[in-house]
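Visitor:
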Amino acid sequence: MIFSADAEIPQTWQCKSCPKQAVLLENGKQVVLDASEDKIPRSHWEMLLERRSREELEEILQERLDYIRARRAGGQADL
Numbered sequence: 001m002i003f004s005a006d007a008e009i010p011q012t013w014q015c016k017s018c019p020k021q022a023v024l025l026e027n028g029k030q031v032v033l034d035a036s037e038d039k040i041p042r043s044h045w046e047m048l049l050e051r052r053s054r055e056e057l058e059e060i061l062q063e064r065l066d067y068i069r070a071r072r073a074g075g076q077a078d079l
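In full-length UniProt numbering, the protein residues as written are 1 to 79.
Here is the structure:
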């Protein structure tokens, strides 16, 4: 893989010819990666909890349920 002269070389990158992860070699030996650099993917729920508390989410849920129930009682379709 060719990198720009002024770019910082990553320790891993996606291989262009297969679905595997390419690894940086130094002096012909594989660089030992620091596990702390690995990003653990966060779920939608985890990201949501970073922005709102469970109490806020319960309140929003209750407001939406009340709104839907009121529309159903009035014979209108759900949105």
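Glycine is no exception: its CB is placed at the ideal position from the N, C-alpha and C atoms.
#1: Specify the secondary structure class of E8 as computed by DSSP and reduced to three states.
#2: Do you know how far the Cα of I40 is from the Cα of Q30?
#3: Could you please give the first and the last residue of the uninterrupted beta strand (DSSP E) stretch that includes Q21?
Guide: This is what the structure gives:
#1: Here residue 8 corresponds to residue number 8 of the sequence shown, with the count starting at 1. Looking at E8 - three-state DSSP - the assignment turns out to be coil, as it is neither helix nor strand.
#2: Within the sequence shown, residue 30 is the residue found at index 30, counting from 1. Within the sequence shown, residue 40 is the residue found at index 40, counting from 1. Going by the C-alpha atoms only, they are around 23 Å apart.
#3: What you label residue 21 is simply residue 21 of the sequence shown in a count that begins at 1. That run of the beta strand (DSSP E) goes 21-23.
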